[in-house]
Amino acid sequence: MSSQPWVVLKFGGNSVADLQCWQTIAAITQQHLDKQLRPLIVCSALGGITNKLENLIDAAINGGHDKILQDIIAAYGKLAGELSIDPQIYIKKEINELSQIIVMLAQSRVLTPFIHAKVLSFGEILLTKLGAAYLQAKHFPTTWTDARTHLKSIEFTHSHAQSKYLAAVCDYQKDETVIKQFNAMTTPVVLTQGFIASNARNETVLLGRGGSDTAAAYFAAKLMAQRCEIWTDVPGVYSANPHEIPAARLIKSLDYDEAQEIASMGGKVLHPYCIPPLKANAIPMYVGYTRLPQRPGTEIHSAGRHEDAPIKSILTKHQVTLIQIETVQMWHQVGFLADIFSYFKKHGVSVDLISTSETTVTISLDLKVKGQDQNIITALLADLNTFCKATEIGSAAVISIVGHNIRSVLYKIGAALKIFEGQKIYLVSQAANNLNFSLAVDESQAKELALKLHALLIEENVNKKVFDKSWQEEFL
Ligand code: ADP
Ligand code: ASP
Ligand code: MG
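Residue numbers for the sequence shown follow the numbering used here, so the first one is 9 and each next one is one higher.
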């Protein structure tokens, strides 16, 4: 068995939610066993639980956490019931541990990033304890393993504590230690958690919200897996978020760079950090629909690019922070941008998009990826305002048009831009990698604008070699 290649199968929050999901997980796993592959199943927390754990932390600090804690325990109790697993045997210890941490937090009312990460990790831990027990009892011998013993975070000296604990990163070369650890496991199937890793001091760290995809990619890279499959609540990567634009079409295949751009510009279906580990090791990726596993999804690999349709996707990033920096002295001034960016570095804030004129620089930030909050922006603005006028533009969204060779189709985008007449565009950016063209607009206008752009650029002339059925055609 130890010579069999690994396949990593990641199941998201809505894909682990009930008995039917677990029957599907068992069936998909069995198909891979039949192909002589060794499955490593990577699971998220039960859908919505990580948000509830965030609320639990707030409630512990501000009073009245009991009801939320009971809700969380009840959600896992319900799943255990459906899977015919006794929660007293499999998750009592972990629930007691979580309860104790919350009691301590309610007493101290001091939230450190260390406690924050620890509390959020319970969503994945509780879920995988139940999942492994179910597979073991009903399907095949399964080893439960703690992801924190395999995934070790890299600590950059310039990283802030919040990023180190809540948005950690790991390296992703082939890892002989991890291969040995996994080969020593004697069952055909192994199950572990997404989202969590540990640092050099063996403390729990998180890979950022939505980071279970990235955990799966790290495991695939370290084990040099044959394939990494992301099983989720839609059939694959679409030409837009199908829950916002029902006419969005399933994209049959993508190359890594296109997938990276979709993930980075708001395509939540893939966590932005999950592509590099797979691209670097040429591991093919697949995105599939847990509720309908036989429905072909999106294949992502180095030859996945389809030249026929340069525009693949219209994406919206909501609640984006925009900072406008003005100075009268910028024209021909040497080092102004360097001065600005030294403060971004100081506060650990990375820049998403940027556009500059003689007197104004507009910058968009994605705080969610790094688990950062408004306090960081307040401190950054205070520093910037010591030498220029820096303001935050409230409630913006970034709409991105993504596809390879976007420059060759700018004339089409030009026609589509007519719909922006009368709207405020805060920032326009054509990415240097030639893969996206982005506009920052008011959040209130974003949905309508994205719908129109999708209609003009994707729906008007659908290329059936590239796109499959639309969400509304198939599911509404
Ligand atoms: P999981 O819990 O399985 O990781 P996520 O909620 O993180 O699932 O990601 C799946 C969701 O991503 C979909 O339900 C959909 O609303 C959203 N999404 C955003 N953009 C896209 C896109 N381009 N294609 C598919 N889904 C998208
Ligand atoms: N449970 C984590 C979250 O909700 C990780 C994930 O689902 O990918 O962010
Ligand atoms: Mg996700």
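Even for Gly, the Cβ is constructed at its ideal location relative to N, Cα and C.
Annotation: the region 163–249 contains the following complete segments of the beta strand (DSSP E) (minimum length 3 residues), in chain order: 197–201, 204–206, 212–214, 235–240. Judged by DSSP secondary structure, Lys-472 falls outside any beta strand (DSSP E); it is assigned neither H nor E. As the crow flies, the alpha-carbon of Ile-133 is around 25 Å from that of Leu-45.
In the structure shown, Asp-265 adopts helical secondary structure according to DSSP, grouped into three states.
Exclusion of the five residues before and after Val-213 leaves Ala-125, Ser-161, Lys-172, Tyr-173, Leu-174, Ala-176, Ile-204, Ala-205, Ser-206, Asn-207 as the residues of its chain whose Cβ lies within less than 8 Å of its Cβ. For Gly-89, the secondary structure class from DSSP, reduced to helix, strand or coil, is helix.
Secondary structure of Cys-29 (DSSP, three-state): helix. Here Met-273 carries a coil assignment [DSSP, helix/strand/coil].
Placement of the Cβ of Tyr-226 at a distance of 8 Å or more from every heavy atom of the ligand ADP is found. Along the length of the region 342–411, whole beta strand (DSSP E) runs at least 3 residues long occupy 359–364, 368–373, 397–410, reported in chain order. In the three-state reduction of the DSSP assignment, Lys-43 falls in the coil class. Around the C-beta of Asn-471, fewer than 16 other C-beta atoms lie within 10 Å, and the residue is accordingly described as exposed.
Its chain contains Pro-121, Gly-379, Gln-380 as the residues whose beta carbon lies nearer than 7 Å to that of Gln-170, once the 5 sequence neighbours on both sides are disregarded; these appear in chain order. With a cutoff of 9 Å on beta-carbon distance, Gly-139 and Ile-80 are scored as not near each other. Relative to Arg-217, the option among Asp-374, Glu-451, Phe-445, Asp-265 whose CA is nearest is Asp-374. For the set Leu-392, Ile-238, Leu-300, the Cα lying nearest the Cα of Leu-286 is the one of Ile-238. Of the candidates Leu-41, Ala-255, Cys-236, Arg-303, Cys-236 places its Cα closest to the Cα of Pro-284. Annotation for His-279 indicates a beta carbon within 8 Å of some heavy atom of the ligand ASP. Closest option to Ile-103, judged by alpha-carbon separation, among Gly-430, Lys-460, Leu-61: Leu-61.
Just measuring C-alpha positions, the residue of Gln-431, Tyr-294, Ile-421 sitting nearest Gln-438 is Ile-421. The beta carbons of Asp-241 and Tyr-281 sit no closer together than 9 Å. A distance of 9 Å or more separates the beta carbons of Leu-215 and Ile-319. Counting other Cβ atoms within 10 Å of its Cβ, Asn-249 reaches 16 or more and is therefore classed as buried. Arg-257 has Ser-478 as its beta-bridge partners, per DSSP. In its chain, beyond the 5 residues on either side, Tyr-351, Ala-398 have a beta carbon closer than 6 Å to the beta carbon of Leu-392. In the three-state scheme derived from DSSP, where H, G and I count as helix and E and B as strand, Val-328 is classed as strand.
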